[in-house]
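Numbering (this note's numbering), first residue to last: 54 to 464.
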């Protein structure tokens, strides 16, 4: 007769739980999390086990240094990083978060690659690219014929040599409550991405744009890839309640896109237009705050503006508030930018109406280059700031009222 002791029984239960568990701690697979040890193999072992149960790979507090990896379908990477913004005044040494996955190399398309992955979740982590490689994205997603339904939530994604997130023909995705900053390209490159939600995120201080869609294939893309991807704008994304700020060439720059809903966002102090929409159809821009965009672009013509619409069809721009904040103290203004509030050209079937434009721009509220067909531009309440040139540059003087953009209809 064999008598099992309680210790033996507990050991057997624990081993069985590891074999069948859907909640897998990477440290049980050998991860160290000290930011120096190569934890790649341990993480891959946990992912392989999670594949069998469609489980969750849990990262306790620590810094897990790994090489770029491919993520399979129907697993979750989970941490509780509790990141914040910056260590201003030395008050927050843990601002990057307490659960970080750090890149050990950058010779890859992406740090976390979700090509043809479905149902994958990345939750509560800090991803640090350390600017490795020439163009490594933080997260890459692409569908291969089926909706992806991927979710990236509560993540800080920073210091990647490419974009924070690259959605290349990604079909159905959700990006929520993320801070995406200090990346060498865009915060989110949605070129070819469609049918998704980007909600409650902060896209800040990226070297190019906050949200971007190129509208055409990259010059070096093989024809086979062009034929496979087919669409190079972005479409059907609900871009809601996001803060898009301090990006170096523009806030939201979309070309060849359609069916976008940009609502309830704060678009602030981008070094280029807050939104630039070109060659696009059936989009809505409503209820947003535009504040002091076109920064340092006083010599770049139209780029010194809050909002640009060119060659667009069926687009509605209503109920937004545009403000230049010409008395802003946190940055040095060498010129009274933005010069223009809204720039329009070659529109068809569009409505630009009832936007509050108090001190939206120093030169002109709505700059209309013409070429519009069946387009309504009316009741935009522009109040021009009283800017006085001085020996030291310029100064905002007392009240100057000019509502000359309030009654311009075109049929």
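We put the beta carbon where it would ideally sit given N, CA and C, even for glycine.
From residue 432 to residue 295, what distance separates their C-alpha atoms?
-> Residue 432 and residue 295: Cα-Cα distance of roughly 27 Å.
For residue 354, the three-state DSSP class (helix, strand or coil) | The answer is helix: DSSP assigns residue 354 an H, G or I state.
Unbroken alpha helix (DSSP H) run spanning residue 280, endpoints | For residue 280, the uninterrupted alpha helix (DSSP H) run begins and ends at 276-282, by DSSP.
Residue range of the unbroken alpha helix (DSSP H) whose run includes residue 93 | Residue 93 -> alpha helix (DSSP H) spans 93-106.
Taking just the CA atoms, how far does residue 322 sit from residue 343?
-> Our two residues, residue 343 and residue 322, have alpha carbons roughly 8 Å apart in a direct line.
Taking all protein chains shown into account, decide if residue 274 is buried (16 or more other Cβ within 10 angstroms of its Cβ) or exposed.
-> By the C-beta density criterion, residue 274 is exposed, having fewer than 16 other C-beta atoms within 10 angstroms.
Put residue 80 into one of helix, strand or coil per three-state DSSP.
-> When DSSP states are grouped into helix, strand and coil, residue 80 belongs to the helix group.
Can you give me the Cβ contacts of residue 418 inside the same chain, cut-off strictly under 6 Å, excluding the 5 residues immediately before and after it?
-> Correct list, in chain order: 394, 410, 435, 458.
Would the beta-carbon of residue 265 fall within 8 Å of that of residue 306?
-> Yes, the Cβ-Cβ distance between residue 265 and residue 306 is below 8 Å.
Per-residue DSSP class, three states only, for residue 142 | Reduced to three states, the DSSP call for residue 142 is helix.
Report the rounded CA-to-CA distance for residue 385 versus residue 207, giving the unit in angstroms.
-> Residue 385 and residue 207 have their C-alpha atoms spaced approximately 33 Å apart.
Reducing DSSP to helix, strand and coil, say where residue 227 ends up.
-> Secondary structure of residue 227 (DSSP, three-state): strand.
Helix, strand or coil: which one does DSSP assign to residue 147?
-> For residue 147, the three-state secondary structure derived from DSSP is coil.
Limits of the beta strand (DSSP E) - the one that residue 291 falls within = It spans 288-293 - the beta strand (DSSP E) in which residue 291 sits, taken as one unbroken run.
Which two residues bound the contiguous beta strand (DSSP E) that contains residue 255?
-> Residue 255 -> beta strand (DSSP E) spans 255-257.
Residue from 233, 330, 181, 219 with nearest C-alpha to residue 156 | It is 181.
Return yes when the Cβ of residue 108 is within less than 8 Å of the Cβ of residue 17, no when it is not.
-> The first residue shown for the chain is 54 and the last is 464, placing residue 17 beyond what the model contains.
Kindly indicate which three-state DSSP category residue 204 falls into: helix, strand or coil?
-> Look at residue 204 here: in three-state DSSP terms it is strand.
State whether the region 136-146 contacts the region 189-199, with contact taken as three or more CB pairs (one from each stretch) at a distance under 8 Å.
-> In short, these stretches do not touch, since the Cβ pair count stays below three.
Skipping 5 residues on each side, what residues in its chain have a beta carbon closer than 8 Å to that of residue 64?
-> Any reading at residue 64 is ruled out, since the residue's pLDDT is 47, under 50, leaving its predicted position unreliable.
Residue 352: buried (16+ other C-beta within 10 angstroms of its C-beta) or exposed?
-> Under this definition residue 352 is an exposed residue.
Spatial neighbours of residue 219 within its chain, please: CB distance less than 6 Å, with the 5 preceding and 5 following residues excluded, ordered by chain position.
-> Closer than 6 Å at the Cβ level, and outside the excluded window around residue 219, lie 190, 193, 242.
Would you decide whether residue 138 is buried or exposed? Buried here means 16 or more other CB atoms lie within 10 Å of its CB.
-> Label assigned to residue 138: exposed.
Indicate whether the contact test is met: 3 or more Cβ pairs, each with one atom in the region 327-340 and one in the region 367-382, closer than 8 Å.
-> By the criterion of at least three beta-carbon pairs nearer than 8 Å, the region 327-340 is in contact with the region 367-382.
Does the region 211-218 come close enough to the region 228-236 to have 3 or more Cβ pairs within less than 8 Å?
-> When C-beta atoms of the region 211-218 are compared with those of the region 228-236, three or more pairs fall below 8 Å, so the two segments count as touching.
Mapping DSSP to helix, strand and coil, what is residue 267?
-> Residue 267: coil per DSSP, three-state reduction.
Please classify residue 448: does DSSP put it in a helix, a strand, or coil?
-> In this structure, residue 448 counts as strand in the three-state DSSP scheme.
Have a look at residue 442 and residue 286 and give me their C-alpha separation to the nearest angstrom.
-> Rounded to whole angstroms, residue 442 and residue 286 show a C-alpha spacing of 42 Å.
Give the single residue among 103, 328, 364, 392 whose Cα lies nearest to the Cα of residue 131.
-> It is 103 whose Cα lies nearest to the Cα of residue 131.
Those residues which DSSP pairs with residue 190 across a bridge = Paired residues: 163.
Going straight from the alpha carbon of residue 292 to that of residue 390, what length do you get?
-> Going from the Cα of residue 292 to the Cα of residue 390 covers about 26 Å.
Using the rule of at least 16 other Cβ atoms within 10 Å of the residue's Cβ for burial, across every protein chain shown, is residue 427 buried or exposed?
-> Residue environment: residue 427 is assigned as exposed (fewer than 16 neighbouring CB atoms within 10 Å of its CB, all protein chains considered).
Endpoints, beta strand (DSSP E) assigned at residue 428 | Residue 428 -> no beta strand (DSSP E), and no H or E assigned at all.
Buried or exposed: which applies to residue 437, given that a residue is buried once 16 or more other Cβ atoms fall within 10 Å of its Cβ?
-> It counts as buried.
Rounded C-alpha distance that separates residue 311 from residue 199 | Taking the straight line from one Cα to the other gives about 21 Å.
Please determine, among 412, 362, 349, the residue with the shortest C-alpha to C-alpha distance to residue 379.
-> Residue 379 has its Cα closest to that of 412, out of 412, 362, 349.
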